[in-house]
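> A single structure is presented below for examination.
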Ligand code: FBP
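This is the structure in structure tokens:
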């Protein structure tokens with residue numbers, strides 16, 4: 002990837018990625034607040050909103066989209082790894098089930114994503130998988146987005162850390178994205194604007210997007226998004242806060258104002 006700014010998932014430096022891999026990560030429970038969202042076609046249509054620069058899905062859902070007549074209206078970001086909430090594991094691990102080659106050549110991916118559980122006892126193994134992804138992505142010229150999710154025993158059992166949203170932990174995870182060659186990291190908001198500022202100071206020119214999290218009020222959600230943008234963040238990768246709403250377009254309009262037009266939450270609410 003020469004310059005992620007030239008890729009289709011970035012517009013004027015920023016991104017709004019709709020994530021729709023929850024059927025894998027959490028199961029159908031995430032679709033209950035808005036049953037329409039269980040239908041991939043519904044979320045595909047949501048992702049046609051002008052504000053959305055990419056739709057992140059797993060391989061099987063991407064295969065279904067590829068068959069649609071209007072499949073070129075949405076930029077696909079294929080998630081190459083993922084894990085369900087069903088097994089009991091010793092620690093976090095997200096196995097890879099799609100290659101960059103398959104994602105780009107067969108599915109038409111314009112970007113790829115990989116979840117990294119920094120701090121898990123499986124971190125070393127995931128580094129090896131990420132290396133392959135990152136090097137293959139460079140060959141194909143597609144950006145790599147790292148779902149930066151430090152969690153697991155190394156975090157939980159370290160008395161210096163207060164958990165996966167500890168600002169040090171979030172910043173460390175993001176920094177590893179830079180060190181390992183990601184083009185963009187998706188991170189949880191640690192809770193304060195200064196904490197995101199610290200994250201930004203440690204990632205050079207790499208892009209950062211805030212992770213959506215569970216559904217909240219428009220105001221609370223938009224304030225956090227805006228807080229990250231103000232200190233150098235590049236947007237959002239969001240699932241539940243969009244597809245669990247009855248009218249996702251309404252929130253996407255507001256997000257467009259904040260992420261791409263420099264507006265404040267007060268101006269868009
Ligand atoms: P949300 O905005 O709904 O949190 O979606 C973003 C995302 O990263 C999804 O890609 C993923 O399915 C989910 O969050 C996993 O979140 P967590 O591991 O925190 O439950």
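Residue numbers (the numbering used here): 2 to 270.
C-beta: ideal position from N, C-alpha, C; glycine also.
Just so we're clear, the structure is a prediction, and the values are computed from it rather than from any experiment.
#1: For residue 203, count the other beta carbons within 10 Å of its own beta carbon; 16 or more makes it buried, fewer makes it exposed. Which is it?
#2: Are there any heavy atoms of the ligand FBP lying less than 7 Å away from the beta-carbon of residue 212, as far as the coordinates show?
#3: Would you mind reading off the limits of the beta strand (DSSP E) that contains residue 79?
#4: Output needed for residue 110: all residues of its chain with C-beta closer than 6 Å, excluding positions within five of it in sequence on either side, in chain order.
#5: Short check: CB of residue 114 to CB of residue 146, under 8 Å?
#6: Does residue 88 pass the burial test, meaning 16 or more other C-beta atoms within 10 Å, or should it be called exposed?
#7: For the region 109-189, which segments carrying the alpha helix (DSSP H) assignment without a break, of at least 4 residues, lie completely within its bounds, in sequence order?
#8: Between residue 22 and the ligand FBP, is there a pair consisting of the residue's CB and a ligand heavy atom that are separated by less than 7 Å?
#9: For residue 236, name the three-state secondary structure that DSSP assigns.
#10: Under the rule that 16 or more other beta-carbon atoms within 10 Å means buried, what is residue 184, buried or exposed?
#11: Could you please give the first and the last residue of the uninterrupted beta strand (DSSP E) stretch that includes residue 208?
#12: In chain order, what residues of the same chain have a beta carbon less than 8 Å from the beta carbon of residue 85, not counting five sequence neighbours either side?
#13: To the nearest angstrom, how far is the alpha carbon of residue 176 from that of residue 228?
#14: Hey, out of 160, 188 and 95, whose CA is closest to residue 166's CA?
#15: List the whole-angstrom C-beta distance separating residue 234 from residue 211, where the pair is believed to meet the contact cut-off of C-beta under 8 Å.
#16: Touch check for the region 219-228 and the region 247-259: three-plus C-beta pairs under 8 Å?
#17: List the whole-angstrom C-beta distance separating residue 123 from residue 257, where the pair is believed to meet the contact cut-off of C-beta under 8 Å.
Checking against the coordinates, here is how it stands:
#1: exposed
#2: yes
#3: Residues 77-80.
#4: 77, 79 and 104
#5: yes
#6: exposed
#7: 124-141, 154-157 and 168-181
#8: yes
#9: strand
#10: buried
#11: Counting along the chain, the beta strand (DSSP E) containing residue 208 begins and ends at 208-212.
#12: 25, 26 and 28
#13: 20 Å
#14: 188
#15: 6 Å
#16: The region 219-228 makes contact with the region 247-259, as at least three CB pairs between them are under 8 Å.
#17: With a Cβ gap of about 38 Å, residue 123 and residue 257 do not count as contacting.
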